[in-house]
């Protein structure tokens, strides 16, 4: 028996490796715990050189862009000053309703909303495969980041934390087909779930046909899970099909964030 | 031993390039699969034993999974499948020719997409996989095949250089006079 096994040790080893990979695959699909020991060993080794090279390239790129951008700096400055002035006026107008809202919520005894902290993070890697859409950022559990936390930029939501190690974390983008996010239509307050479809499109699902959704409507996060804050812009509606089969409308969303140009993000933690 | 270490380091380096956020060819999230090219190349190497090679490519697959959003174990399974298949093909074809290796990359990229699609469909049961698969596969194939000749030539050069250095050192040891060898031992 031993002789038989020794003669076929390669075949047995390969069978064990196949079985191991399938077992890990099935387990990870169910629990989504990631690579465990592999993550703990590989990430601290590979993330510093990735981070250094990304920072070096980004600096060089910004210097180059800065040289060309000097040409239009003056006119852009004037436009930006006007935009700042408009925004300051808008803030002043919104301050009063915000204060009134706080007073009314206290009167009604609503649970006080926890303040959120924004942890800035640099993107040091992207998914090496074309089949999935994830990012690697240079902050992890040491900075207070936990699984499920929202990741955003000034333009809107980017995704949520899929796995977090000590000094790095993996972000699942909203354009990944495995991503699902609870949302609201800002105008009509219709609820739904947004799922990723491609680099530039998401699909809004489970919105019944009698809900009012139009092209151009802004989609925001609903905050129902209490991990992702309410009101973060997700994108805008670009196409609505009401006469599709079934109970739900087909709604196509263009994300607010340009995922091909991401360099820095913010992780939102309560 | 040195050669196996080199294979691991090459895998890690190619993975680092593939995962880099500033990869020049990463149009619309499509990235050339450099690690797949390495795995296919390793399958054609005559000095790589089946068992050791299987462990090596599984390790590369687990390294990929650390960076990827795919389930852990997915790429280990896929790369292991390719390595074993090429090991069987080696008995029929002479796969040392770079033209055949590029052809392997073409079929490998298509098959990899099919395997990933099938495994994700079985384990995740996502109804939108087919559309994603049809959108991504042609671009993925084009990018990977475009860089394959360069990567294969580079791998050939590096691995043959290290192998020849080993051969030269061995030759030097065996060609020394016996008195020197005895003194050395």
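Chains as they are written, first to last, in the working numbering: chain A, 7 to 276; chain B, 191 to 375. Here a beta-carbon is modelled for each residue, glycine too, at the ideal position from N, C-alpha and C.
By alpha-carbon distance to residue 61 (chain A), the top candidate from A:129, A:78 and A:182 is A:129.
At a C-beta separation below 9 Å, residue 52 (chain A) has these neighbours in chain B: 202, 205, 206, 209, 253, 256 and 257. Residue pairing from DSSP places residue 208 (chain A) in a beta bridge opposite A:202 and A:259. Per DSSP, the beta-bridge partners of residue 123 (chain A) are A:275. Residue 310 (chain B) has its alpha-carbon roughly 10 Å from the corresponding atom of residue 320 (chain B). Here the alpha carbon of residue 173 (chain A) sits roughly 11 Å from the alpha carbon of residue 142 (chain A). In chain order, 178 and 202 place their CB closer than 6 Å to the CB of residue 185 (chain A), counting only its own chain and leaving out the 5 sequence neighbours on each side. Counting only the Cα atoms, residue 189 (chain A) lies some 14 Å from residue 262 (chain A).
The C-beta separation of residue 255 (chain B) from residue 263 (chain B) comes to about 7 Å, placing the pair in contact by the 8 Å criterion. Spanning the alpha carbons of residue 289 (chain B) and residue 296 (chain B) requires a straight line of approximately 11 Å.
Of the residues A:254, A:161, A:166 and A:144, the one whose Cα lies closest to the Cα of residue 153 (chain A) is A:166. Residue 279 (chain B) and residue 235 (chain B) have their alpha carbons spaced roughly 12 Å apart. Nearest CB-CB separation between residue 297 (chain B) and chain A: not below the 8 Å threshold. The closest CA to that of residue 242 (chain A), considering only A:162, A:100, A:254 and A:99, is found on A:162.
Boundaries for residue 196 (chain A): no alpha helix (DSSP H) harbours it, and the DSSP string shows neither H nor E there.
With the criterion set as a beta carbon lying under 7 Å from some beta carbon of chain A, the members of the stretch 273-295 of chain B are 274, in sequence order. Taking a 10 Å sphere around the C-beta of residue 326 (chain B), we find 16 or more other C-beta atoms and assign the residue as buried. When CB distances to chain B are screened at a threshold of 7 Å, the residues of the stretch 135-156 of chain A falling below it are 135, 136, 137, 138, 139, 140 and 142, in chain order. Taking the Cα positions, residue 215 (chain A) is about 56 Å away from residue 277 (chain B). In this structure, the alpha-carbon of residue 217 (chain A) lies about 24 Å from that of residue 181 (chain A). The beta carbons of residue 233 (chain B) and residue 273 (chain B) sit about 5 Å from each other, so the pair counts as a contact at 8 Å. When the beta-carbon positions are compared, residue 267 (chain B) and residue 136 (chain A) stay at least 8 Å from each other.
Counting C-beta atoms within 10 angstroms of its own C-beta, residue 49 (chain A) has 16 or more neighbours from the protein chains shown and is therefore classed as buried. Around the beta carbon of residue 110 (chain A), fewer than 16 other beta carbons sit within 10 angstroms, so the residue counts as exposed. For residue 165 (chain A), the enclosing beta strand (DSSP E) stretches over residues 163-170. The C-alpha of residue 253 (chain A) lies about 47 Å from the C-alpha of residue 22 (chain A).
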